[in-house]
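Undergrad: Mind looking over this structure? Questions follow.
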Amino acid sequence: MQPSPPQDTRIICIGAMLWDVIGRSTRRMQPGDDVAGRVHRIPGGVAMNIGLALVRQRLAPVMLSSVSRDPPGDLLIAEAERMGMDTHHVWRESDLPTDTYLAVETPDGLMAAVADARALEAAGTTILAPLREGPLGSAEDPWTGTVVIDGNLTLNVITGLARDRCFSRARLRIAPASPDKATRLWPLLSHPQAVFHLNLAEAEALVGRRLENAASAATAVLSMGARRVIVTNGSSDVADAKSGSATITQAPPPVTPVRVTGAGDNFVAAHLAAELNGATRAEALAAAVNFGAAYVAGKEHP
Numbered sequence: 001m002q003p004s005p006p007q008d009t010r011i012i013c014i015g016a017m018l019w020d021v022i023g024r025s026t027r028r029m030q031p032g033d034d035v036a037g038r039v040h041r042i043p044g045g046v047a048m049n050i051g052l053a054l055v056r057q058r059l060a061p062v063m064l065s066s067v068s069r070d071p072p073g074d075l076l077i078a079e080a081e082r083m084g085m086d087t088h089h090v091w092r093e094s095d096l097p098t099d100t101y102l103a104v105e106t107p108d109g110l111m112a113a114v115a116d117a118r119a120l121e122a123a124g125t126t127i128l129a130p131l132r133e134g135p136l137g138s139a140e141d142p143w144t145g146t147v148v149i150d151g152n153l154t155l156n157v158i159t160g161l162a163r164d165r166c167f168s169r170a171r172l173r174i175a176p177a178s179p180d181k182a183t184r185l186w187p188l189l190s191h192p193q194a195v196f197h198l199n200l201a202e203a204e205a206l207v208g209r210r211l212e213n214a215a216s217a218a219t220a221v222l223s224m225g226a227r228r229v230i231v232t233n234g235s236s237d238v239a240d241a242k243s244g245s246a247t248i249t250q251a252p253p254p255v256t257p258v259r260v261t262g263a264g265d266n267f268v269a270a271h272l273a274a275e276l277n278g279a280t281r282a283e284a285l286a287a288a289v290n291f292g293a294a295y296v297a298g299k300e301h302p
């Protein structure tokens with residue numbers, strides 16, 4: 001018998017909201033190459049990408065981030081609203097330029113990327129005010145829905161968030177943003193309602209050693225104190241490890257990759273949406289794998 005969907009499907013996405021500038025080439029590249037291709041500028045950031053994918057899943061997430069009052073920031077807010085994202089609680093008082101992510105993709109995947117998230121980092125805990133002082137919650141009346149947190153937040157913010165009473169009733173979904181930022185997430189390992197979404201490289205960074213596959217990576221993070229860990233490993237395998245339960249593994253369907261940036265974020269959104277709709281662990285993993293694969297294959301609305 002399939003379980004009933006949870007009643008509270010409210011979602012807050014906390015983290016990066018910025019412009020993705022992505023250069024894609026159909027040619028394989030080496031460092032120093034200068035090749036023809038296409039450059040796209042689209043709304044991005046891990047938390048934002050997850051939020052927009054949730055919108056495509058017919059959910060209504062709220063964004064908490066920092067976006068500057070400059071022309072790129074105004075355009076980013078307008079475009080995000082047009083796409084269906086609630087940005088009414090985004091902090092907009094930064095004097096820094098609106099954040100940007102720059103990436104180069106080839107047929108082999110992501111070649112290199114640089115994330116400039118200075119506005120978000122400088123804002124610190126200020127972006128959390130709607131959850132601490134209303135209208136989204138407070139220490140006396142904490143938010144009881146799902147909170148998506150990405151690793152673009154600083155370690156100080158994440159450390160404070162881990163013991164903040166305003167998050168004591170929240171179901172957390174944690175997405176690192178990159179292997180470089182995965183180590184910031186250790187304060188959240190003991191949160192009783194946290195689900196960690198990692199790729200293999202991020203799991204290795206968090207654990208501090210090489211890991212053989214998605215299943216061994218998920219189990220390794222579980223041994224650090226996490227209650228549930230979901231690890232992707234490109235086209236190879238995906239695993240869901242949960243404390244006290246058997247680990248589930250699946251293989252993604254083969255696709256010809258068209259894009260890479262945002263694939264993991266779409267996976268997270270599809271998995272979350274499936275579980276909010278009452279899916280079992282195996283069903284949710286299958287839904288996320290298929291949604292993520294369709295995104296990589298270039299389908300706009302998988």
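Quick note on the UniProt record's numbering: the sequence shown kicks off at 1 and runs consecutively.
Glycine included, C-beta positions come from ideal geometry on N, C-alpha and C.
Would you call the CB atoms of R38 and R69 closer than 7 Å?
TA: no
Undergrad: Per DSSP, which residues does I42 bridge with? Please list them.
TA: Answer is D20, bridged to I42.
Undergrad: Excluding five sequence neighbours on each side, which residues of the same chain lie with their C-beta closer than 8 Å to the C-beta of D247?
TA: Contrary to the premise, residue 247 reads as Thr rather than Asp in this sequence. The residues are A215, A218, T219, A239, D240 and A241.
Undergrad: From the DSSP output, in three-state form, read off K181 for me.
TA: helix
Undergrad: Taking the alpha carbon of N156 as the point to measure from, which residue in A122, A103 and V46 has its own alpha carbon closest?
TA: A122
Undergrad: Take A112 and list the residues in its own chain whose beta-carbon comes closer than 6 Å to its own, dropping the five residues that flank it on each side.
TA: V104
Undergrad: Which one or two residues does DSSP pair with V229 in a beta bridge?
TA: Residue pairing by DSSP places V229 opposite F196 and A241 in a beta bridge.
Undergrad: Check whether the Cβ of A103 sits closer than 6 Å to any heavy atom of the ligand GTP, and report yes or no.
TA: The ligand GTP is absent from the structure shown, which contains no ligand whatsoever.
Undergrad: The alpha helix (DSSP H) spanning D74 covers which residue range?
TA: Where D74 is concerned, the enclosing alpha helix (DSSP H) stretches over P71 to R82.
Undergrad: Does the distance from the C-beta atom of A53 to that of N266 stay below 7 Å?
TA: yes
Undergrad: Report yes if the CB atom of L128 is closer than 7 Å to the CB atom of G137, and no otherwise.
TA: no
Undergrad: Would you be able to state if there are at least three C-beta pairs under 8 Å between the stretch 190 to 206 and the stretch 223 to 232?
TA: Touching, yes.
Undergrad: May I have the straight-line CA-CA distance separating V35 from L110, to the nearest angstrom?
TA: 15 Å
Undergrad: Around the Cβ of E204, are there at least 16 other Cβ atoms within 10 angstroms (buried) or fewer (exposed)?
TA: buried
Undergrad: Can you tell me the Cβ-Cβ gap for A16 and A177, rounded? I've got them flagged as a contact below 8 Å.
TA: The C-beta separation of A16 from A177 comes to about 7 Å, placing the pair in contact by the 8 Å criterion.
Undergrad: For R169 and L285, I'd like the C-alpha separation in whole angstroms.
TA: Annotation: R169 to L285 spans about 24 Å, alpha carbon to alpha carbon.
Undergrad: Rounded to the nearest angstrom, what separates G160 and L188 at their Cα positions?
TA: 10 Å
Undergrad: Assuming contact is defined by CB atoms lying nearer than 7 Å, are T146 and R171 in contact in what I supplied?
TA: yes
Undergrad: Who pairs with W143 in a beta bridge, going by DSSP?
TA: Answer is none; W143 lacks a bridge partner.
Undergrad: Taking the CB atoms as reference points, tell me whether V21 and L102 lie closer together than 7 Å.
TA: yes
Undergrad: Strictly by DSSP, which residues pair up with V62?
TA: I12 and D86
Undergrad: Nearest-angstrom Cα distance between A274 and A288?
TA: 8 Å
Undergrad: Excluding sequence positions up to five away, which residues of its chain have a Cβ less than 6 Å from the Cβ of E202?
TA: P176, P179 and A182
Undergrad: For L110, which of helix, strand or coil comes out of DSSP?
TA: Under the three-state reduction of DSSP output, L110 falls in the strand class.
Undergrad: How big is the Cα-Cα spacing for S190 and G264?
TA: When the Cα atoms are used, S190 and G264 turn out to be separated by approximately 23 Å.
Undergrad: Kindly identify the DSSP beta-bridge partner or partners of V104.
TA: G23 and A112
Undergrad: Helix or strand or just coil, what does DSSP make of V67?
TA: coil
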